[in-house]
Amino acid sequence: MTLLADRRGSSTALGYVLSLGISALLVTGLLIAGGGLLEGQRDRSVGVELRVVGQTVADDLASASRLADCDSCELTMRIDAPPRIAGEAYLISLVEVAAPDTYRLSLTTERSEVTVDVRLRTRLPVAETTVTGGTLVVEYDPAAGELEVRGG
Amino acid sequence: MADVMGGARDRAQLLLIGALALAVVFLSLSLLLNSVIYTENLATRQTHAGVDKASDLRLVVADGLGDAVAHANRRSGLDFDDRRNVYRTVTDAWIRTLANYTATDGMAAGVSRAGVREGARIVDNDSTTGLVRGDGAGDWTVATDSSVRAFALEIDPASVDSGDDVRITFENGTATTVVIENTGSGPQVRASSSGAPACQLTDGYVDITAGRVDGEYCAALSEVAPTGTVDVRIRNGGQIRGTYSLVVDRPEAGLRSTVDVTNFPGQCTPPSPRTYADSDADDPYTTPAIYAATARLDIHTQDLDHQRTVRTAPGEAGGPVTEPTFMLYNVTQSGNDLTVDWNASDPNGDLAHVDVRIHYYSNGSVYASDLNAPVNDTRTFASVPSGTVYYVNATAVDAGSTRQVSEIRGTGACPP
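Order-wise, the sequence lines are chains A and U.
Oh and the first sequence: position 138 is 138 in my numbering, straight run, nothing missing.
All you need for my numbering is the position in the second sequence, starting with 1, plus 1000.
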């Protein structure tokens, strides 16, 4: 029997290498896929949550403008928005996009940089502003005849 | 594995670490989905309940004040101070009840009265006569340059026959007319300027400012409900029998003499009989009334602080009145001296001045005047020439509008 024809002792080493390689591949594949899934889900859920929060804030702002729309009105209103979305802080900015009194509410998370826009129409002008997400305070300024939004 | 990881007891560490990492991934995923579920749940909740409560409360307060005003105006024979006291008594009790009620709803609400505006109620309670003035004439002016609210008639439908139409006209530059007629198909109410179909009159109830006939919505009427200040005129009022009532935003002081000047241009003030009787002993008559009431509403909830003024004028078709008016207008004549006593007020507080003018009755030219006078003052025009008849007019001027009161006086030649 020549050395070349001698297969004894090789099956154990090969078996090791094969099972180690396949397990590593499998585990790596699963981790990569799981990580990707997590990433994708997080962006999607951040988008969904920002939209919900944006629509709630927009609705409350419109309600506040209806309530404050009179000569003698005074109004201070607290809007309870969640301080973090999927574990991230976020910014709310309000920009007028069309006169009169049509605004775009943009909510942006700081880390994942997901942005959601919500359009809203109010009965009164609202001062353009950017505030950190969380509890907001809406106040009517009778002198300026506009609503002001600030962090609470 | 023993070779890779070293030691027989440390086998399968790669799998273990992999499994742990995957577990962390799935745990994060579940947390993420949980927060999405929470937010979706948030989305289904009612947004800002405080705003709804505040809006509801405003309507409740306007309603309650309106009822109090209607109650205070109801009886005849009271002067304005009496009516205001009734209004205060009624609202005192109601405000306390409202405060208790809102407290159980998680809201601290306060209502404080912020004044009432004096007007006059014009009433004809005699159902055996038509819509006629004091001397029985059916073509006449009910009110001049006035805001009108709660104008309701109760007509005997049997009296609406195929004779001349009864026309109630509101004029403010353009005229709109409510026509009560019978064209052969039964009594009906229509608006002359509206294309909307006429409304059949069965029970005889016509509420002009609410736009209702027999308690039901009438499109034709709702289009002609008087808004702003108007002259109210009636033509052929004697054709039907019925009663009516309306509230105008001018106090009796200036209203009665000014309406008399319009209705009886040939007679000195006061003519006999006057357009309106002094008391409910005769019809039609005027009585002091509350035209509108305002109150300050103060709402506090957990998330909301809100204050506003609530104004109510039940049955008013237009917006709030901004025109000035005379709370007092009195011309006293002593021989050839005419003393004019006036006091004007303005609901929106921008009253500038009062112009007093004495015109010749014959040609309308001005004999004497006191222009830019204070809003509350007295002025004597001494020794006006004898044997002449004069209009004594006063005009309250504010930033955007004017309102005039008028009397006719003569020195020796009255009626002219």
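Just so you know, even glycine gets a beta-carbon here, dropped at the ideal spot from N, CA and C.
When the five nearest sequence neighbours on each side are left out, the beta carbons in the same chain lying within less than 6 Å of the beta carbon of U/His1071 are those of Val1090, in order along the chain. Residues of chain U with a Cβ closer than 7 Å to the Cβ of A/Val118 do not exist; the shortest Cβ-Cβ separation is about 12 Å.
A Cβ-Cβ separation of about 5 Å places U/Pro1271 in contact with U/Asp1260 under the 8 Å criterion. Put simply, of U/Ser1362, U/Tyr1244, U/Gly1237, U/Arg1409 the residue whose alpha carbon is nearest the alpha carbon of U/Val1340 is U/Arg1409. For U/Leu1029, the closest alpha carbon among the candidates A/Gly35, A/Leu26, A/Leu30 is that of A/Gly35. Residue A/Arg84 holds the alpha-carbon nearest to the alpha-carbon of A/Thr132 among A/Leu37, A/Arg84, A/Leu67. Residues of chain U with a Cβ closer than 7 Å to the Cβ of A/Ala86 are, in chain order, Leu1032, Ser1035. The alpha carbon of U/Ala1219 has as its nearest neighbour, out of U/Asp1161, U/Ile1208, U/Thr1229, U/Gly1228, the alpha carbon of U/Ile1208. Taking 8 Å as the upper bound on Cβ-Cβ separation, chain U lies near no residue of the region 97-128 of chain A. For U/Asn1343, no alpha helix (DSSP H) encloses it; the enclosing beta strand (DSSP E) starts and ends at 1337-1345. For the 7 Å CB-CB criterion, A/Thr122 and U/Asp1305 do not form a contact. Considering only beta carbons, the part of the region 1294-1306 of chain U lying closer than 7 Å to chain A consists of Asp1303, Leu1304, Asp1305, His1306, in chain order. DSSP places U/Ala1293 inside the beta strand (DSSP E), whose first and last residues are 1285-1300. For a Cβ distance threshold of 8 Å, nothing in chain A lies close to U/Glu1323: the least Cβ distance comes to about 17 Å. At least 7 Å separates the beta-carbon of U/Tyr1285 from that of U/Val1405. In this structure, A/Thr56 sits near U/Thr1047, with a CB-CB distance shorter than 7 Å. At a beta-carbon threshold of 8 Å, the residues of chain U lying near A/Gly35 are Val1025, ordered along the chain. Not a single CB atom of chain A sits nearer than 7 Å to the CB of U/Gly1066. Neighbourhood of A/Ala24 in chain U, by CB distance below 7 Å: Leu1014, in chain order. Within the region 1141-1174 of chain U, the complete beta strand (DSSP E) segments at least 3 residues long are 1166-1172, listed from N- to C-terminus.
For U/Ser1112, the enclosing beta strand (DSSP E) begins and ends at 1108-1124. Inter-residue distance for U/Phe1026 and U/Ala1019 is about 10 Å (C-alpha atoms, whole angstroms). Remark: three or more beta-carbon pairs, one from each stretch, lie closer than 8 Å, so the region 1237-1255 of chain U and the region 1130-1144 of chain U are flagged as touching.
Fully enclosed beta strand (DSSP E) runs of no fewer than 3 residues occupy 74-80, 90-98, 102-109, 115-121, 129-132, 135-141 of the region 66-144 of chain A, in order along the chain.
Restricting attention to A/Gly152, A/Pro142, A/Gly151, the CA atom closest to the CA of A/Ser65 is found in A/Pro142. Closer than 7 Å to the CB of U/Leu1059 there is not a single CB belonging to chain A. Relative to A/Leu31, the option among U/Ala1023, U/Leu1032, U/Val1036, U/Asn1034 whose CA is nearest is U/Ala1023. For U/Glu1323, the secondary structure class from DSSP, reduced to helix, strand or coil, is coil. The Cβ atoms of A/Arg78 and A/Gly152 lie closer than 7 Å to each other.
U/Val1166 and U/Pro1197 have their C-alpha atoms some 17 Å from each other. Within 8 Å of the CB of A/Leu30, the CB atoms of chain U belong to Gly1018, Leu1022, in sequence order along the chain. U/Gln1188: member of the beta strand (DSSP E) spanning 1187-1191, first to last residue. Here the C-alpha atom of U/Thr1177 lies approximately 9 Å from the C-alpha atom of U/Ala1225. With a minimum length of 4 residues, the unbroken runs of alpha helix (DSSP H) contained wholly in the region 1242-1277 of chain U fall at 1252-1263.
Within its own chain, no residue has a Cβ closer than 6 Å to the Cβ of A/Glu113 once the five positions on either side in sequence are excluded. Going by C-alpha positions, A/Glu110 is about 6 Å away from A/Ala89.
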